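Written below as C-alpha coordinates is the structure these notes are about.
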Amino acid sequence: MTEPFIGEIAMIGGSYAPLHWALCQGQYESISQNAALYSLLGTQFGGNGTTNFALPDMRGRTPIHPNLSAGIQQGNFAGQEWVTVTEAELPQHTHSAYTNAGDADKPLIGIGPDAWPFGNNTGVNIYGSPTTMVGMSPVCMDPSTGSGLSHTNVQPSLAIKYMIAMQGTYPSRN
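For the sequence shown, the numbering used here assigns the number 22 to the initial residue and increments by one for each residue that follows.
Shown next, in the form of C-alpha coordinates:
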(Lines of atoms letter the chains of each structure in order from A; the text may use other names.)
(Lines give C-alpha, C1' and ligand atoms only; values in the text may rest on other atoms or scores of the structure.)
Protein backbone atom coordinates (compact mmCIF):
# COMPACT_ATOMS: atom_id res chain seq x y z
CA MET A 22 0.00 0.00 0.00
CA THR A 23 1.29 3.46 -0.81
CA GLU A 24 1.82 5.93 1.97
CA PRO A 25 -1.48 7.67 2.82
CA PHE A 26 -2.03 11.38 3.13
CA ILE A 27 -2.14 12.56 6.73
CA GLY A 28 -5.83 12.93 7.60
CA GLU A 29 -6.96 10.53 4.87
CA ILE A 30 -10.01 8.54 5.98
CA ALA A 31 -10.48 4.96 4.84
CA MET A 32 -12.67 2.00 5.76
CA ILE A 33 -11.38 -1.26 7.22
CA GLY A 34 -13.14 -4.57 7.73
CA GLY A 35 -10.88 -5.60 10.62
CA SER A 36 -11.40 -5.05 14.32
CA TYR A 37 -8.51 -2.59 14.77
CA ALA A 38 -6.69 0.17 12.92
CA PRO A 39 -3.22 -0.66 11.56
CA LEU A 40 -0.01 1.09 12.63
CA HIS A 41 -0.11 4.89 12.08
CA TRP A 42 -3.91 4.87 11.69
CA ALA A 43 -6.62 5.45 14.32
CA LEU A 44 -10.29 4.48 14.36
CA CYS A 45 -12.62 7.44 13.85
CA GLN A 46 -14.38 7.33 17.23
CA GLY A 47 -14.20 10.97 18.31
CA GLN A 48 -11.25 10.41 20.63
CA TYR A 49 -9.00 13.29 21.68
CA GLU A 50 -5.40 13.43 20.51
CA SER A 51 -2.47 15.50 21.72
CA ILE A 52 -1.63 18.48 19.52
CA SER A 53 2.07 18.29 20.46
CA GLN A 54 2.29 14.63 19.38
CA ASN A 55 0.18 15.05 16.21
CA ALA A 56 0.97 18.58 15.01
CA ALA A 57 0.69 17.76 11.29
CA LEU A 58 -2.74 16.14 11.67
CA TYR A 59 -3.90 18.99 13.92
CA SER A 60 -2.82 21.54 11.28
CA LEU A 61 -5.27 19.85 8.88
CA LEU A 62 -8.19 19.08 11.21
CA GLY A 63 -8.02 21.86 13.78
CA THR A 64 -10.92 21.65 16.23
CA GLN A 65 -13.67 21.07 13.65
CA PHE A 66 -14.42 17.70 15.29
CA GLY A 67 -13.87 18.90 18.87
CA GLY A 68 -11.08 19.56 21.34
CA ASN A 69 -9.84 22.65 23.12
CA GLY A 70 -7.33 23.74 20.44
CA THR A 71 -4.55 24.36 22.96
CA THR A 72 -3.55 20.88 24.11
CA ASN A 73 -5.89 18.53 22.22
CA PHE A 74 -8.14 18.04 19.22
CA ALA A 75 -10.70 15.37 18.37
CA LEU A 76 -10.74 12.87 15.54
CA PRO A 77 -13.97 12.50 13.56
CA ASP A 78 -16.58 10.29 15.22
CA MET A 79 -17.97 8.10 12.46
CA ARG A 80 -19.79 5.66 14.75
CA GLY A 81 -23.33 5.30 13.40
CA ARG A 82 -22.74 8.00 10.77
CA THR A 83 -22.78 8.14 6.98
CA PRO A 84 -20.29 10.57 5.44
CA ILE A 85 -21.62 13.34 3.18
CA HIS A 86 -19.84 16.19 1.42
CA PRO A 87 -20.23 19.62 3.10
CA ASN A 88 -22.86 21.89 1.56
CA LEU A 89 -22.80 25.40 3.01
CA SER A 90 -25.95 26.48 1.16
CA ALA A 91 -27.81 23.68 2.97
CA GLY A 92 -26.16 24.53 6.30
CA ILE A 93 -23.98 21.40 6.34
CA GLN A 94 -20.48 22.41 7.43
CA GLN A 95 -17.52 20.05 7.60
CA GLY A 96 -17.30 18.47 11.04
CA ASN A 97 -20.99 18.96 11.90
CA PHE A 98 -23.50 16.17 12.40
CA ALA A 99 -26.72 16.17 10.41
CA GLY A 100 -29.81 14.00 10.72
CA GLN A 101 -31.15 11.84 13.53
CA GLU A 102 -30.95 8.13 14.25
CA TRP A 103 -34.40 8.08 15.89
CA VAL A 104 -37.45 10.17 15.01
CA THR A 105 -40.96 10.61 16.33
CA VAL A 106 -43.47 11.60 13.68
CA THR A 107 -45.64 14.48 14.86
CA GLU A 108 -49.15 15.32 13.73
CA ALA A 109 -47.79 18.40 11.93
CA GLU A 110 -45.62 16.13 9.73
CA LEU A 111 -48.55 14.05 8.49
CA PRO A 112 -50.11 15.03 5.16
CA GLN A 113 -53.49 16.74 5.38
CA HIS A 114 -56.24 14.13 5.08
CA THR A 115 -59.71 13.26 6.35
CA HIS A 116 -61.41 10.15 7.64
CA SER A 117 -65.09 9.82 6.83
CA ALA A 118 -67.43 7.53 8.70
CA TYR A 119 -71.04 6.99 7.68
CA THR A 120 -73.99 5.31 9.34
CA ASN A 121 -77.67 4.89 8.55
CA ALA A 122 -79.88 7.33 10.38
CA GLY A 123 -81.95 4.35 11.60
CA ASP A 124 -85.34 4.42 13.19
CA ALA A 125 -85.88 5.50 16.77
CA ASP A 126 -87.64 2.22 17.60
CA LYS A 127 -85.16 -0.14 15.87
CA PRO A 128 -81.63 -0.95 16.92
CA LEU A 129 -78.80 -0.40 14.49
CA ILE A 130 -77.03 -3.66 13.67
CA GLY A 131 -74.28 -4.51 11.28
CA ILE A 132 -72.50 -7.62 12.40
CA GLY A 133 -74.95 -10.33 11.38
CA PRO A 134 -78.46 -11.50 12.26
CA ASP A 135 -77.48 -12.75 15.72
CA ALA A 136 -75.95 -9.46 16.82
CA TRP A 137 -79.05 -8.21 18.66
CA PRO A 138 -79.55 -10.47 21.68
CA PHE A 139 -82.93 -9.12 22.74
CA GLY A 140 -85.60 -10.97 20.77
CA ASN A 141 -86.49 -9.84 17.27
CA ASN A 142 -83.54 -9.06 14.96
CA THR A 143 -85.32 -6.58 12.72
CA GLY A 144 -82.83 -3.79 13.18
CA VAL A 145 -81.47 -1.48 10.49
CA ASN A 146 -78.11 -2.37 8.92
CA ILE A 147 -75.57 0.32 9.79
CA TYR A 148 -73.40 -0.33 6.71
CA GLY A 149 -74.12 1.04 3.26
CA SER A 150 -72.75 3.33 0.56
CA PRO A 151 -71.83 6.91 1.50
CA THR A 152 -74.58 8.30 -0.75
CA THR A 153 -77.29 6.74 1.43
CA MET A 154 -75.58 7.30 4.73
CA VAL A 155 -75.17 10.29 7.03
CA GLY A 156 -71.85 11.44 8.47
CA MET A 157 -71.13 10.60 12.10
CA SER A 158 -70.43 13.36 14.57
CA PRO A 159 -66.71 13.73 15.37
CA VAL A 160 -67.72 13.39 19.01
CA CYS A 161 -68.68 9.76 18.29
CA MET A 162 -65.17 8.86 17.15
CA ASP A 163 -61.92 8.81 19.09
CA PRO A 164 -59.36 10.69 16.96
CA SER A 165 -56.41 9.74 19.16
CA THR A 166 -54.15 7.03 17.84
CA GLY A 167 -50.55 5.93 18.02
CA SER A 168 -48.17 5.70 20.93
CA GLY A 169 -45.86 8.67 20.31
CA LEU A 170 -42.80 6.40 20.39
CA SER A 171 -39.85 7.07 18.12
CA HIS A 172 -38.66 4.73 15.39
CA THR A 173 -35.34 4.19 13.65
CA ASN A 174 -34.48 6.50 10.81
CA VAL A 175 -31.54 4.54 9.37
CA GLN A 176 -31.20 3.64 5.71
CA PRO A 177 -30.20 0.05 4.92
CA SER A 178 -26.59 -0.02 6.07
CA LEU A 179 -23.55 -2.20 6.66
CA ALA A 180 -21.34 -1.38 9.64
CA ILE A 181 -17.69 -0.89 8.63
CA LYS A 182 -15.03 0.83 10.73
CA TYR A 183 -13.58 4.14 9.54
CA MET A 184 -9.96 4.99 10.24
CA ILE A 185 -7.84 8.10 9.77
CA ALA A 186 -4.16 8.28 8.83
CA MET A 187 -2.22 9.77 11.74
CA GLN A 188 1.06 9.79 9.78
CA GLY A 189 2.01 9.83 6.12
CA THR A 190 2.51 12.38 3.37
CA TYR A 191 1.42 15.91 4.16
CA PRO A 192 -1.14 16.84 1.46
CA SER A 193 -0.15 19.82 -0.68
CA ARG A 194 -2.71 22.19 -2.16
CA ASN A 195 -3.36 22.19 -5.91
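Every residue gets a Cβ at the ideal spot worked out from N, C-alpha and C, and that includes glycine.
As the structure is a computational prediction, the values presented were derived from the model and not from experiment.
C-alpha distance - residue i paired with residue j, whole-angstrom precision
{"i": "A43", "j": "M187", "result": "7 Å"}
{"i": "Q46", "j": "Q113", "result": "42 Å"}
{"i": "T83", "j": "A91", "result": "17 Å"}
{"i": "N88", "j": "S53", "result": "31 Å"}
{"i": "E110", "j": "S193", "result": "47 Å"}
{"i": "L62", "j": "F98", "result": "16 Å"}
{"i": "I93", "j": "I85", "result": "9 Å"}
{"i": "N195", "j": "H41", "result": "25 Å"}
{"i": "A56", "j": "E29", "result": "15 Å"}
{"i": "T58", "j": "T115", "result": "Correcting the residue type first, residue 58 is Leu in the shown sequence and not Thr. Roughly 57 Å separates the two Cα atoms."}
Rounded distance between the beta-carbons of residue j and residue i, thought under 8 Å
{"i": "Q48", "j": "A31", "result": "At roughly 17 Å, the Cβ-Cβ gap does not stay under 8 Å, so Q48 and A31 are not in contact."}
{"i": "S171", "j": "V104", "result": "6 Å"}
Beta-carbon contacts of residue i that lie in its chain and below 6 Å, excluding the five residues immediately before and after
{"i": "S60", "result": "none"}
{"i": "T190", "result": "E24 and F26"}
{"i": "S70", "result": "The sequence shown places Gly at residue 70, rather than the Ser named in the question. The residues are T64."}
Own chain, CB closer than 8 Å to residue i, minus 5 neighbours either side, in chain order
{"i": "S51", "result": "T72 and N73"}
{"i": "A101", "result": "Just to set this straight, residue 101 is Gln in the shown sequence, not Ala. Counting only Cβ-Cβ distances below 8 Å, and skipping sequence neighbours, we find N174."}
{"i": "G169", "result": "T105"}
Of the residues the options, the one placed nearest residue i, counting alpha carbons only
{"i": "F66", "options": "A57, P77, Y183 and V106", "result": "P77"}
{"i": "M79", "options": "S193, R194, Y191 and I181", "result": "I181"}
{"i": "P39", "options": "Y191, M184, G92 and N195", "result": "M184"}
{"i": "Q176", "options": "S168, I93, L111 and G81", "result": "G81"}
{"i": "I33", "options": "R194, L179, P192 and N195", "result": "L179"}
Contact set for residue i: own chain, Cβ-Cβ below 7 Å, skip 5 residues either direction
{"i": "Q95", "result": "Q65 and P87"}
{"i": "G68", "result": "Y49, F74 and A75"}
The ligand SAH heavy atom lying under 8 Å from the CB of residue i
{"i": "N174", "result": "This structure lacks the ligand SAH, and indeed carries no ligand of any kind."}
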